[in-house]
Amino acid sequence: MPRVHPVLALSAALLFLGGCSDSLASGGTIEIEDNCEPASFNAALGAGACLHASSGAGQTLASFNTELNATHHVADWYIDPEEMSVREGATFSVTNAGGETHTYTEVEEFGGGVVPALNTASGNTTVAPECADQSTFNGSVIASGQTRQHTFDERGTEKYQCCIHPWMRQVVTVR
């Protein structure tokens, strides 16, 4: 009869159990990010449009517009993570870590937002109905530096986007 080493058997059992663990998140932080450069954004869009506190220079409005028109999105404007799986009932902090105001809006289907020029430049010419609904929009606004709590209370796939910058999107699988 072959002899089994107890350490090897225990290691194999632990590897098996580790592979079966449930990795669904039950809480954490979602970050809404941008890298606006205050001087150029505020000069064009009004005082307070960009409150970025970064020690770096940030992206100028001209550079933002060039990138948006060339690629239909701006890489430094995003929701992190872009995709995630969570437990039903999980509550997350949604933090606006950028300098501009954003929304964290649940939408049935991704679409455009409330700024026609950003919709056109990003190729999102059909506005998401939830973004066009004033009460839904207002209830999902998160100003620079603010944090809100969000509970994922329905199983299935949920979609979230910024109704100002419609390429900022997230897909959440709720189990």
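Under the working numbering, think of the first position of the sequence shown as -5, with each following residue one higher.
Virtual Cβ for every residue (Gly too), placed ideally from N, Cα, C.
Here the structure is a predicted model, which is why all the values come from computation and not from measurement.
Measuring alpha carbon to alpha carbon, tell me which residue in the options is nearest residue i.
i: ASP111; options: GLY52, GLY40, VAL168 and HIS67; result: Note on residue identity: the sequence assigns Ala, not Asp, to residue 111. Answer by Cα proximity: HIS67.
i: SER138; options: MET78, GLY22 and THR95; result: THR95
i: THR233; options: TRP161, GLU82, PHE86 and ALA84; result: Any question about residue 233 goes unanswered here, given that the chain covers just -5 to 169.
i: ALA56; options: CYS157, SER87, ALA37 and ARG163; result: ALA37
i: THR141; options: SER20, ILE26 and ALA19; result: ILE26
i: GLU148; options: THR60, THR167 and ASP74; result: THR167
i: ALA64; options: GLY40, GLY107, ALA115 and ALA126; result: ALA115
i: CYS157; options: ALA84, PHE146, TRP71 and THR85; result: TRP71
i: SER20; options: CYS44, GLY83, ALA122 and GLY107; result: GLY83
i: GLU124; options: PHE104, THR145, ALA69 and HIS46; result: PHE104
i: VAL109; options: SER134, HIS159, PRO75 and VAL165; result: HIS159
i: PHE146; options: ASP74, PHE58 and VAL88; result: VAL88
i: PHE86; options: GLY107, GLY52, ARG169 and GLY22; result: GLY22
i: MET78; options: HIS144, ALA41, SER134 and ILE24; result: ILE24
i: VAL165; options: VAL135, ASP74, GLY133 and GLY107; result: ASP74
Can you name the start and end residues of the beta strand (DSSP E) that residue i belongs to?
i: THR99; result: 99 to 101
i: ARG81; result: 77 to 90
i: ARG163; result: 163 to 168
i: ILE158; result: It is not in any beta strand (DSSP E) - ILE158 carries neither H nor E in the DSSP assignment.
i: ASP74; result: 72 to 74
Residues bridged to residue i by DSSP?
i: HIS176; result: Residue 176 is absent from the model: the chain starts at -5 and stops at 169.
i: GLY150; result: VAL168
Does the CB of residue i have a neighbour CB from chain C at under 8 Å?
i: LEU39; result: Absent from the structure: chain C. Only one protein chain is present.
Length-filtered (3 minimum) beta strand (DSSP E) runs lying within the segment 13 to 64: Those beta strand (DSSP E) runs which fall completely within the segment 13 to 64 and span 3+ residues are 19 to 27.
Can you list the alpha helix (DSSP H) stretches of 4 or more residues lying completely in the segment 95 to 137, in chain order? Listed in chain order, the complete alpha helix (DSSP H) runs (minimum 4 residues) inside the segment 95 to 137 are 110 to 116, 123 to 126 and 128 to 133.
Flag this pair as touching only if the segment 19 to 35 and the segment 89 to 108 have three or more C-beta atom pairs under 8 Å; answer yes or no. Counting C-beta pairs closer than 8 Å gives three or more between the segment 19 to 35 and the segment 89 to 108, which meets the contact rule.
Between the segment 97 to 106 and the segment 152 to 160, are three or more C-beta pairs nearer than 8 Å? Yes, the segment 97 to 106 is in contact with the segment 152 to 160.
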